[in-house]
Amino acid sequence: MSTAEEKALAEQLAAEETEKIDIVAKEWIQAESEKEVKRIRDVGSSVIPLKTLNCGIIPNFDNKKPKAINRIELDTNVDLSKIQQIMVSPAIPYPHKEQFNYVNLILVTGQPVPFLAPYLYQTNLKVTQPEREEDGRKYPSKQIVLKNDLREYFLINKNGICARFTIHEYHNGILQRQFEASRFVNHPPHLPPRRLAVFDFDNTLFFSPQLSPTIWHSKIRSLVTAESVYGPGWWRDVRSLELGPLDDLKQTAWKGYWNEEIVSKARACIQDPHTMTVVLTGRRHNPFSPLVPTMLEAKGLKFDLIGLRPDPEAVSEYRWKVDGRNKELNYNLSASVFQSTMHFKQCFLVNILHHVPTIKEITMWDDRVPHLKRFKDFLNALHRKRLIDRSRIIEVPSLRPKYNPKWEKDVMTRIVETHNLALLARNCGKTYGKIDDSQPREEDPLSMTEKYLGFVPTAVATSIQLSPESMERLKQTFEPLFQESMERYGQKTTIHSGAESPLFFGDFVQLESKIVQHACCGNLNQHVSLDIMGISQTSSKPWLLLKVAIKGAKRGNHYHILPLWYKPSEEDLVIRRSHHWVDPTNSQKIHIEGRVVHEKRITVVESTQRCDSNKKQNIDLDEDAIHAILNRASINLKNQNDSVPHKRGSITNSNSDHIKKIKNH
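Using the numbering used here, read the sequence shown as starting at 6 and increasing by one per residue.
Okay, structure coming up:
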């Protein structure tokens, strides 16, 4: 922190309320401090005791999860900005006031003798979290209980010199427990490893499913991914990996979901006696610690260490349950120890090198391009510090499993249904979970979204929707060309069995990426005919697109893209990318036509029993539209067991009573 920032923060914190230490507390604190100083000196060590003038907890709302900053004024002239480390003693309850604990802080500087600062603090503090906006979503002001985890400190001396400090020693304890529980420790190798092989899990070893842009609005994809909004958050929600009956999946070892090329690399590393092999993922220890090891074991992958991010390390103490319906909404409200997945992975690697100093070479397999660059910089830093001799980063193409709209529908229905049932239970006065009524109430996770949810189609663009006859003509005309191009593509690129593959859509020509009544090529509901002006060069990418224009329009730069074959996850990409075009043959210049419409995707609408009207809430419960969106590319899925049932409105059946209530308001 710069001097200017420290001064600004000091002025801000100086204005905050602090706990006045009364006479009884002063005497008790003095006695505890003297007792600790004597204990330290009796074992042959030294410490310089300090006195605390004032102290208090300052809430910090800069991040999504509020933090408690421990503000402590010390009776000393020591430059507190020189502190290098803070160690915290075990807490003991303060006998004269409930919800207060006492600790001794050991302040380590560059001097040979550390300082001891006594600290009496409040364990929980009721505060008002101000209104905030995140990703275009507004969250109202609310009262919460702020837990003091004793990790953030703001120290001030008598001269006003201040220091901000964050304790990171928690990392070491968590990583140590993870290391000690590993196969590497419990079944040690015969030879000390010289190499470390690190495999990412999602979309590297395993084809992890995500929501498809061909079905879901970008807003709902973001909200479902976000933590503690419509549930724990996609990457923290075990339902994102519930791909069928567990016993069946065990028997087949999750067949079709593995990147077999990377699996073979992992097997080779596991069999190498000189290599320690780990899987390292941002998936959280809870709730994935029972599932991910089971998946790896079923595949026969015996990693030396399975690195799940331990945020949280223990099972969440707070959850909502719905009696008799086998539904549970489990949120992780505890603050994260690690700042990010990247932070966790870097700490994990350093911990490995600390415990296994014979390792001098690291190889990493990962699919996330931003992570690859940061890993490269990190490994280079380890090399400069002579912790390793060499390193290698291997980029893995990010792949998803085969398109499965039925699974996406089912998992989204469960997420929405569970939220609604838990909210209904809370609104009926029920509480569930491990709650100690004698303690301040935990922040209610449902307060992040205190409304019922329902599925609705919503317009995302103004497009030309082609007629079914035109779509069929396009498929018959261009399928041989596409198959030929895929053969050439397969000669250059590995085609992974089980991974997402291009499917035929050929249904929309996007005119405007916004909702308008009068588009460049026609008014809403107007029927138009199109000329095919170009075909995308097809051997370098797994898609086939057409360049089209309104029939009879002047030739020039005004044209639009008609995507025929592409991977569902790449729908946004194929429209935005620039393409090289070749002229169509006469036989490829077929007649196609369509109608100007508002193209739709499924989103989630929030509603209370007191919503004003359909117009105000923009609710359009068009189950036919939902059915049509789910069945895009259904012609490609006829031979797959995961095709969407032809029961209209099936996505809303489990939620139908509540959806009807929303519609009637």
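Note that beta-carbon positions come from the ideal geometry of N, C-alpha and C, so glycine has one too. Bear in mind the structure is a predicted one, so any value in this text is a computation, not a measurement.
- Ile540 versus Lys131, Phe509, His585, Gln515, residue with shortest Cα-Cα distance: Of the candidates Lys131, Phe509, His585, Gln515, the residue whose Cα lies closest to the Cα of Ile540 is His585.
- Item | Asp309 beta carbon less than 7 Å from that of Arg188 | yes
- Message: With a threshold of 7 Å between beta-carbons, can Leu216 be considered close to chain C, or not?
- Response: In the structure shown, chain C does not exist; there is a single protein chain.
- CB Ile172 to CB Arg156, shorter than 7 Å? Their beta carbons are under 7 Å apart, which means Ile172 touches Arg156 by this criterion.
- Evaluate Arg493 with the Cβ neighbour count: other Cβ atoms within 10 Å of its Cβ, from every protein chain shown; 16 or more gives buried, anything less gives exposed. exposed
- Query: Going along the chain, which residues of its own chain have a beta-carbon closer than 6 Å to the beta-carbon of Val229, five neighbours each way excluded?
  - Reply: Tyr235, Trp239
- Query: So, do the segment 204-221 and the segment 387-405 have three or more beta carbon pairs nearer to each other than 8 Å?
  - Reply: yes
- Taking only runs that begin and end inside the segment 151-219, name each unbroken alpha helix (DSSP H) of 4 or more residues, in chain order. 174-185, 188-191
- Task: Could you tell me whether the segment 374-391 touches the segment 213-226, where touching means 3 or more Cβ pairs closer than 8 Å?
- Result: By the Cβ rule, the segment 374-391 does not count as touching the segment 213-226, because fewer than three pairs are nearer than 8 Å.
- Task: Tell me whether the beta-carbon of Leu160 lies closer than 7 Å to the beta-carbon of Ile77.
- Result: Closer than 7 Å, so yes.
- Note the first and the last residue of the continuous beta strand (DSSP E) segment covering Asp536. Where Asp536 is concerned, the enclosing beta strand (DSSP E) stretches over 532-541.
- Look at the alpha carbon of Tyr158 and the alpha carbon of Arg169, and state the distance between them as a whole number of angstroms. 6 Å
- Query: Just curious, the alpha helix (DSSP H) that His632 is in, first and last residue?
  - Reply: 628-635
- Message: Measuring only the C-alpha atoms, how far is His290 from Phe184?
- Response: 13 Å
- Task: Can you give me the start and stop residues for the alpha helix (DSSP H) that Trp412 sits inside?
- Result: It spans 410-432 - the alpha helix (DSSP H) in which Trp412 sits, taken as one unbroken run.
- What did DSSP end up calling Asn623 once you bin it into helix, strand or coil? Any reading at Asn623 must be qualified, since the residue scores a pLDDT of 38, below 50, and its modelled position is unreliable; the value itself is stated next. When DSSP states are grouped into helix, strand and coil, Asn623 belongs to the coil group.
- Confirm, please, whether the CB-CB distance from Leu635 to Pro462 is below 7 Å. Going by C-beta atoms, Pro462 is not nearer than 7 Å to Leu635.
- Would you call the CB atoms of Ile53 and Phe120 closer than 7 Å? yes
- Please report how far the alpha carbon of Arg241 lies from the alpha carbon of Val553, in whole angstroms. 43 Å
- Can you name the start and end residues of the beta strand (DSSP E) that Val113 belongs to? 105-113
- Query: Is the beta carbon of Asn164 sitting closer than 7 Å to the one on Tyr126?
  - Reply: Taking 7 Å as the Cβ cut-off, Asn164 and Tyr126 do not qualify as a contacting pair.
- Taking Tyr457 and Ser612 to be in contact with their CB atoms under 8 Å, please state how far apart those CB atoms are, rounded to whole angstroms. Yes, Tyr457 and Ser612 are in contact; Cβ-Cβ is about 5 Å, under 8 Å.
- Task: Below 7 Å CB to CB, which residues in the same chain sit around Val672 once its five sequence neighbours on both sides are set aside?
- Result: Nothing about residue 672 can be read from this structure; the chain reaches only from 6 to 670.
- Task: Report all residues from its chain with a CB closer than 8 Å to the CB of Lys519; omit the five preceding and five following residues, and keep chain order.
- Result: Ala466, Thr467
- Since Thr499 is in the beta strand (DSSP E), which residue starts that stretch and which ends it? Segment: none, Thr499 is in no beta strand (DSSP E) and carries neither H nor E.
- Message: For His376, report the span of its alpha helix (DSSP H) as first-last.
- Response: 374-389
- With DSSP collapsed to three states, give me the class of Asp577. DSSP, reduced to helix, strand and coil, places Asp577 within a helical segment of the structure shown.
- Among Leu296, Thr590, Leu306, which has the Cα closest to the Cα of Ser269? Leu306
- Other residues of its chain near Pro589: CB distance less than 6 Å, five sequence neighbours each side excluded: Ile537, Ile540
- In the DSSP assignment, what are the bridge partners of Pro123? Asn109
- Message: Rounded to the nearest angstrom, what separates Ala524 and Leu567 at their Cα positions?
- Response: The C-alpha of Leu567 is placed about 16 Å away from the C-alpha of Ala524.
- Task: For the beta strand (DSSP E) containing Glu400, list its first residue and its last residue.
- Result: Counting along the chain, the beta strand (DSSP E) containing Glu400 begins and ends at 395-400.
- Query: Between the C-alpha atoms of Tyr99 and Lys131, what's the straight-line distance to the nearest angstrom?
  - Reply: 19 Å
- Item | Enclosing alpha helix (DSSP H) for Cys274 [first to last residue] | 265-276
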